[in-house]
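Presented below is the structure to which this report refers.
Residue numbers (this note's numbering), protein chains in the order written: chain A, 15 to 159; chain B, 5 to 439.
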């Protein structure tokens, strides 16, 4: 079995909680991905400590709220290359997910498979979004028979 | 005029020190070869925490003040808890005191490790960021991340989480960690000790500017321990007072260019933080830490402000040793707190946040509700000293350097204090007006 961590990024407040809500919904759903041992976690502004959470994993999917052009509450996958293209300043107080991942890439501390499951702000994840999330994860991580 | 001796009039504005728990800017004017104006402008809007806590119970206040800072929430909790316990006449007992000290070591570990490896070191190694530095110094940056994670986990051991922990209460903790959890983290602390030792050696080997200045060091000093959790307020020019007597010597003042109050000790700016603490607590270091420090050949007390990073490394080593020692033979208590009854009066407490003394004063009513609050954080205390330092450092550096070099040195000076606003100084735009 390969190891996968699904890590919700956010906080208990406002749209920032959407990543946690989607994670909770997937746990409640009893998500199963054949061939994968799934660990779940939540992080509130983890900063560079995010890298520690990703250690010893074969794959990681970060679940986070997104401000984009998608319909509110919809989900999509963001790949490793797109994640690491972010160009943000770094500081001890304001070191975000993108900067931490860039540092992890530089230090070769990231799992070989790394994605973000992003949920568009503006609406809580409904049944359709949760089903969409499960489909995306299955297509991503489970090879077709 | 010989260009080599030209005295330029320069105005350097660093307009926004943004994004953090302190918003500020830097203004610097150089006229006729002299610095005529330096202002560390902090324009962060008032955050009203001292008003938010009014009418709340003491236990609520402990959780509320943790929200003031994401990097040093433990310090806010410790100063508040001790203030209330002092007023109520509570003795939480040795177990609580020891475990609070361990938790505090976690905060110092994570805060200092982050500052050294991600903020300060790139300045002294010629990199624009930790990301650039990581390409050439990956092992050092990994060490920083490991120590930071260890510190965070030590906080979470007692506080359930490392950012804004929730484990502390008046009289003790809400719960005691399990022996198994303590054993696991103690083993990690022992594994980290060689890395902490290597960090001191590494920081001492960096080519730091030799910029010696006169300043007053102020910190907590305890009869037996390195000043972390408690102690008297002591300075290297003779002050030695109980924290309750703070107002007899320290004064907060409004400065037009800062929304954060400046502070003076008997009318003078002063330094708080790692270098000041180490200067007045040298004989409270563990013997092993003293030995490692002596091997570097760098003598303390030091009046070179750039030794602040080395002081942080020394405090990391001390904190690892201290946590190992205090967790040795750990046993879960039957209960992690003592009972207490509120009492009306004035509650005063102080502890050493990673950046320096954090002093709290609360008026409390008979029901245990706070009716007014005053909090003096370390960064505001250091503002006057930072402005002094910028002037002295740039003059020692040489005002004939180009604008980029002057800006970098000024930012390096600011970052060296690890103020909350230092987060922003890595990515500031610079405007230079020449006349």
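Where a beta carbon is used, it is the ideal one built from N, C-alpha and C, also for glycine.
Put residue i into one of helix, strand or coil per three-state DSSP.
| i | result |
| --- | --- |
| residue 266(B) | strand |
| residue 103(A) | A caution first: residue 103(A) carries a pLDDT of 44, below 50, which makes its placement in the model too unreliable to give a value. |
| residue 129(A) | strand |
| residue 347(B) | coil |
| residue 318(B) | helix |
| residue 221(B) | strand |
| residue 429(B) | Because the pLDDT at residue 429(B) is just 26, under 50, the model does not fix this residue reliably, and the point stays unresolved. |
| residue 274(B) | coil |
| residue 75(A) | strand |
| residue 80(A) | strand |
| residue 296(B) | helix |
| residue 468(B) | Missing from the structure shown is residue 468(B); chain B here goes from 5 to 439 and no further. |
| residue 67(A) | helix |
| residue 15(B) | strand |
| residue 156(A) | coil |
| residue 368(B) | strand |
| residue 244(B) | strand |
| residue 25(B) | Low local confidence applies: a pLDDT of 41 at residue 25(B) is under 50, so the model's placement there is unreliable, and no value is given. |
| residue 194(B) | helix |
| residue 134(B) | helix |
| residue 313(B) | helix |
| residue 62(A) | helix |
| residue 27(A) | coil |
| residue 139(A) | coil |
Name the two residues that bound the continuous alpha helix (DSSP H) containing residue i.
| i | result |
| --- | --- |
| residue 108(B) | 98 to 118 |
| residue 154(B) | 142 to 163 |
| residue 89(A) | Not the alpha helix (DSSP H): residue 89(A) falls in the beta strand (DSSP E), residues 89 to 92. |
| residue 83(B) | 77 to 92 |
| residue 114(A) | 111 to 120 |
| residue 229(B) | Taken as a continuous stretch (DSSP letters only), residue 229(B) belongs to no alpha helix (DSSP H), as it is neither H nor E. |
| residue 38(A) | 32 to 43 |
| residue 54(B) | 53 to 56 |
Return the bridge partner residues of residue i from the DSSP annotation.
| i | result |
| --- | --- |
| residue 357(B) | 360(B) |
| residue 176(B) | 173(B), 341(B) |
| residue 397(B) | BP columns for residue 397(B) are empty, so no partner. |
| residue 50(A) | 16(A) |
| residue 41(B) | 33(B) |
| residue 61(B) | 373(B) |
| residue 56(A) | 22(A) |
| residue 72(B) | Partner(s): none; residue 72(B) has no beta bridge. |
| residue 216(B) | 308(B) |
| residue 352(B) | 365(B) |
| residue 134(A) | 80(A) |
Taking the continuous beta strand (DSSP E) assigned at residue i, which residues delimit it?
| i | result |
| --- | --- |
| residue 124(B) | Run containing residue 124(B): none; DSSP gives neither H nor E here. |
| residue 380(B) | 374 to 380 |
| residue 302(B) | Element bounds for residue 302(B): n/a, residue is neither H nor E. |
| residue 182(B) | Unbroken run through residue 182(B): none, as it is neither H nor E. |
| residue 254(B) | 254 to 259 |
| residue 420(B) | Per DSSP, residue 420(B) belongs to no beta strand (DSSP E); it is in the alpha helix (DSSP H), 407 to 420. |
| residue 167(B) | Per DSSP, residue 167(B) belongs to no beta strand (DSSP E) and is neither H nor E. |
| residue 237(B) | 236 to 239 |
Could you check how far apart the C-beta atoms of residue i and residue j are, in whole angstroms? I think they sit under 8 angstroms.
| i | j | result |
| --- | --- | --- |
| residue 220(B) | residue 236(B) | Incorrect: roughly 16 angstroms between the Cβ atoms, too far for contact. |
| residue 223(B) | residue 174(B) | Rounded, the Cβ-Cβ distance is 25 angstroms, inconsistent with contact. |
| residue 73(A) | residue 16(A) | 7 angstroms |
| residue 52(A) | residue 18(A) | 5 angstroms |
| residue 65(B) | residue 342(B) | Residue 65(B) to residue 342(B), Cβ: 18 angstroms. No contact. |
| residue 196(B) | residue 149(B) | So it is not a contact: roughly 12 angstroms between Cβ atoms. |
| residue 176(B) | residue 111(B) | Not a contact, Cβ separation roughly 18 angstroms. |
| residue 117(A) | residue 327(B) | Not really, about 26 angstroms apart at Cβ, beyond 8 angstroms. |
| residue 360(B) | residue 280(B) | 7 angstroms |
| residue 42(B) | residue 394(B) | 5 angstroms |
| residue 283(B) | residue 216(B) | With 8 angstroms as the limit, residue 283(B) and residue 216(B) do not qualify as a contact, their Cβ atoms being about 13 angstroms apart. |
| residue 32(A) | residue 142(B) | With 8 angstroms as the limit, residue 32(A) and residue 142(B) do not qualify as a contact, their Cβ atoms being about 34 angstroms apart. |
Is any heavy atom of the ligand FAD found at a distance shorter than 8 angstroms from the C-beta of residue i?
| i | result |
| --- | --- |
| residue 80(B) | As presented, the structure is devoid of all ligands, the ligand FAD included, so that no description of it is given. |
*Pull out every residue of the stretch 32 to 65 of chain A whose Cβ sits closer than 7 angstroms to any Cβ of chain B, in chain order.*
58, 59, 62, 63, 65
*Near-chain A residues of the stretch 399 to 412 of chain B (beta-carbon distance less than 9 angstroms), N- to C-terminal order*: none
*Compile a chain-ordered list of the residues in the stretch 116 to 128 of chain A whose CB is closer than 7 angstroms to at least one CB of chain B.*
116, 117, 120, 121
*Where the stretch 146 to 172 of chain B meets chain A: residues whose CB sits under 9 angstroms from a CB there*: 146, 148, 149, 150, 152, 153, 156, 157, 165, 166, 167, 168
*Select from the stretch 61 to 80 of chain B all residues with a C-beta closer than 8 angstroms to any C-beta belonging to chain A, and list them in chain order.*
74, 75
*Taking only beta carbons into account, state which residues of the stretch 366 to 387 of chain B come closer than 9 angstroms to chain A, listed in chain order.*
none
*asked:* Give me the subset of the stretch 125 to 136 of chain B whose CB atoms are less than 8 angstroms from a CB atom of chain A, sorted by chain position.
replied: 133, 134, 135
*Got a sec: which bits of the stretch 284 to 311 of chain B sit with their beta carbon under 9 angstroms from any beta carbon on chain A, in order along the chain?*
none
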